[in-house]
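Engineer: One line per chain: the protein sequences are A and B, in this order. Counting in this note's numbering, the first sequence runs from 1 upward without gaps. Counting in this note's numbering, the second sequence runs from 1001 upward without gaps. Structure incoming, see below.
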Amino acid sequence: MTIKEKLKKILVEELNLEDISPEEIDDDAPLFGEGLGLDSLDAVELVVLVQKHFGVEIKDMEEGRPALQSVSSLAAFIENRLAA
Amino acid sequence: MPATDVHKTRNWSSRSLGSQLQHQIFYLLIRLGGRRAAYALLYFVVLYYVLLRPAVRGKTFPYLRRRFPREGGPPRLRNSYRMSLELGKVLVDRAVVGILGPSAMRVEMDGGAKLLELVGEGRGLILLTAHVGCWQVAMSALGFLQVPVNLLMQRETGDIDRHYFEHAGIECPYKIIDPRGFLGGALEMVEVLKRGEILSVMGDRMLGNDQNGVRVDFLGAPVRFPFSAYKLASATGAPVAVVLSAKTGPASYELKLYDVIRVPGGLGRGEASFAPHASRFARSLERFCAEHPYQFFNFFDLWHDPDRAEDRRRTESEEL
């Protein structure tokens, strides 16, 4: 399973996204607001879940802002961290 | 967020009541005659507002109707005066601490040992507080915890009340996280908790574009309280300490630990999971209101529910 697939599965199953399956999530759809419709408190959960499942910490706003735009950007951030 | 939705989640404002000049007069009195001189003027200023400004007086009524349901007419007017006076004194005290220094006000801590223990767990600490007493004066008593304090705070254009550190011309002693920032400041909040620091959050008002409210009973009727603090606690494992401040004498305050709320992880997205925790906070707030009935400073209708037809009709008629 790729990082993107795993992320989509986490989004649906652990953030309890309703009426959408992992396969239906667009790689480049915005995670927050319009798009997947996540809110600021989901961001809290997502940061914790990324650390739990990938061992990657989103330390601050500087890292978080670009990483938390879409599944693609978050997967790229995780890949970079795992490769470092 | 559409304007109508903002209106739905928020019916309060932190804009100051008096003008810049009126505030300066109070600051001058404090410098010249100390707290008592400012209080002396305050009694008359509050009397003017309560007697001659019905709109100002009316802002105290939603709470007073719940807290003193049997007291209408003159007793309610008297209660309105006492409540407004207490707020005025708190604002004066805040300025006194800034202008004359922290030694001008004594702050006692009830539950300090427990707070130290909670900070010692190393998972950060969420201080859940409310618009009661004077949190700024009380915060000055948190130095003994020896960890940085971060504050989720929204300041509006038009709020000209100075914080005590602004009077003193010193650097802000705590870091302010703006809920109108990226993702409502959520990442910054997680960050400070991960570092084992203190995050202070108000549990009684919805901030910014926050729609994460949960309905709980407070003083006999439902209100919407934010559940962000409990969600943060669930995600990070940080304990939640309900800490409220009260003015206990002319120059003294108490900071009291009312409850420690442990929120289990994995509670999901639904507001219902957080209702029991918000409800515990509401019980603490009710205890506070029983102990300090005139120090509850939410001057708006906390019980107004835009989804309830009766309240919606009233809002629409007020807007016409």
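Glycine residues also receive a C-beta, built at the ideal position from the N, C-alpha and C atoms.
Put residue 1060 of chain B into one of helix, strand or coil per three-state DSSP.
Structural biologist: Numbered from its first residue, the second sequence carries residue 1060 of chain B at position 60. DSSP places residue 1060 of chain B in coil when its eight states are reduced to three.
Engineer: Under 9 angstroms, CB to CB, which of the residues in the stretch 1172–1202 of chain B have a partner in chain A?
Structural biologist: 1179, 1181, 1182, 1183, 1184, 1185, 1186, 1187, 1188, 1189, 1190, 1191 and 1194
Engineer: Helix, strand or coil for residue 1101 of chain B, going by three-state DSSP, please let me know.
Structural biologist: The residue you call residue 1101 of chain B lines up with position 101 of the second sequence. Looking at residue 1101 of chain B - three-state DSSP - the assignment turns out to be coil, as it is neither helix nor strand.
Engineer: Considering only residues of the stretch 1180–1211 of chain B, which uninterrupted alpha helix (DSSP H) runs meet the minimum length of 4 residues and lie entirely inside it, listed in chain order?
Structural biologist: 1186–1194
Engineer: Closer than 7 angstroms by beta-carbon distance: list the chain B residues that pair up with residue 64 of chain A, in chain order.
Structural biologist: The count along the first sequence starts at 1 and reaches residue 64 of chain A at position 64. In chain order: 1187.
Engineer: Please go through the stretch 1230–1265 of chain B and give each complete beta strand (DSSP E) segment of 3 or more residues, from N-terminal end onward.
Structural biologist: 1240–1249 and 1252–1261
Engineer: Compare the C-beta of residue 50 of chain A with all C-beta atoms of chain B and state if any pair is closer than 8 angstroms.
Structural biologist: Position 50 of the first sequence, counted from the first residue, corresponds to residue 50 of chain A. Chain B contact via Cβ: absent.
Engineer: With H, G and I counted as helix, E and B as strand and the rest as coil, what does DSSP make of residue 29 of chain A?
Structural biologist: By one-based count along the first sequence, residue 29 of chain A stands at place 29. Residue 29 of chain A: coil per DSSP, three-state reduction.
Engineer: Kindly list the residues whose CB is nearer than 6 angstroms to the CB of residue 1035 of chain B, restricted to its own chain and excluding five residues on each side of it in sequence; keep chain order.
Structural biologist: For the purposes of this step, residue 1035 of chain B is identified with residue 35 of the second sequence, where counting begins at 1. Hits under 6 angstroms: 1096.
Engineer: List the whole-angstrom C-beta distance separating residue 41 of chain A from residue 1059 of chain B, where the pair is believed to meet the contact cut-off of C-beta under 8 angstroms.
Structural biologist: Numbered from its first residue, the first sequence carries residue 41 of chain A at position 41. Numbered from its first residue, the second sequence carries residue 1059 of chain B at position 59. Actually they do not touch by this definition, with Cβ atoms about 30 angstroms apart.
Engineer: Please determine, among B/1042, B/1113, B/1260 and B/1206, the residue with the shortest C-alpha to C-alpha distance to residue 1084 of chain B.
Structural biologist: Working through the second sequence from its first residue, we reach residue 1084 of chain B at position 84. Comparing Cα positions, the closest option is B/1042.
Engineer: Return no unless some Cβ of chain B is closer than 8 angstroms to the Cβ of residue 60 of chain A.
Structural biologist: On the first sequence, residue 60 of chain A is found 60 positions in, with the first residue counted as 1. So, interface residue.
Engineer: At the level of alpha carbons, what is the spacing between residue 1120 of chain B and residue 1212 of chain B?
Structural biologist: Position 120 of the second sequence holds residue 1120 of chain B. Position 212 of the second sequence holds residue 1212 of chain B. In a straight line, the C-alpha of residue 1120 of chain B is about 30 angstroms away from that of residue 1212 of chain B.
Engineer: Flag this pair as yes or no: are the beta carbons of residue 1112 of chain B and residue 1046 of chain B separated by less than 8 angstroms?
Structural biologist: Here residue 1112 of chain B is taken as the residue at index 112 of the second sequence, counted from 1. Here residue 1046 of chain B is taken as the residue at index 46 of the second sequence, counted from 1. Not a contact, by the Cβ cut-off of 8 angstroms.
Engineer: Just to make sure I have the definition right: I need the residues of chain A whose C-beta is within less than 8 angstroms of the C-beta of residue 1236 of chain B. Which are they?
Structural biologist: One-based indexing of the second sequence puts residue 1236 of chain B at position 236. Those within 8 angstroms of residue 1236 of chain B in chain A are 44 and 48.
Engineer: Let me make sure I understand the geometry here. Which of B/1253, B/1107, B/1252 and B/1278 has the alpha-carbon closest to that of residue 1263 of chain B?
Structural biologist: Taking the second sequence and counting its residues from 1, one reaches residue 1263 of chain B at position 263. Residue 1263 of chain B has its Cα closest to that of B/1278, out of B/1253, B/1107, B/1252 and B/1278.
Engineer: CB residue 1200 of chain B to CB residue 1152 of chain B, shorter than 8 angstroms?
Structural biologist: Taking the first residue of the second sequence as 1, we reach residue 1200 of chain B at position 200. Taking the first residue of the second sequence as 1, we reach residue 1152 of chain B at position 152. Yes, these two residues count as a Cβ contact at 8 angstroms.
Engineer: Using only the alpha-carbon positions, how far apart do residue 1067 of chain B and residue 1293 of chain B sit?
Structural biologist: What you label residue 1067 of chain B is simply residue 67 of the second sequence in a count that begins at 1. What you label residue 1293 of chain B is simply residue 293 of the second sequence in a count that begins at 1. C-alpha separation (whole angstroms): 7 angstroms.
Engineer: Start and end of the beta strand (DSSP E) containing residue 1215 of chain B?
Structural biologist: Position 215 of the second sequence, counting from 1, holds the residue named residue 1215 of chain B. Looking at the DSSP string, the run of the beta strand (DSSP E) that includes residue 1215 of chain B is 1213–1218.
Engineer: State the DSSP-derived secondary structure class of residue 16 of chain A, mapped to helix, strand or coil.
Structural biologist: The residue labelled residue 16 of chain A in the question sits at position 16 within the first sequence. Note: residue 16 of chain A maps to coil in three-state DSSP.
Engineer: Can you have a look at residue 1072 of chain B and say buried or exposed, based on whether 16 or more other CB atoms are within 10 angstroms of its CB?
Structural biologist: Indexing the second sequence from 1 puts residue 1072 of chain B at position 72. By the Cβ neighbour-count rule, residue 1072 of chain B is exposed, with fewer than 16 other Cβ atoms within 10 Å of its own.
Engineer: Is the CB of residue 1232 of chain B under 8 angstroms away from at least one CB in chain A?
Structural biologist: For the purposes of this step, residue 1232 of chain B is identified with residue 232 of the second sequence, where counting begins at 1. Interface residue, yes.
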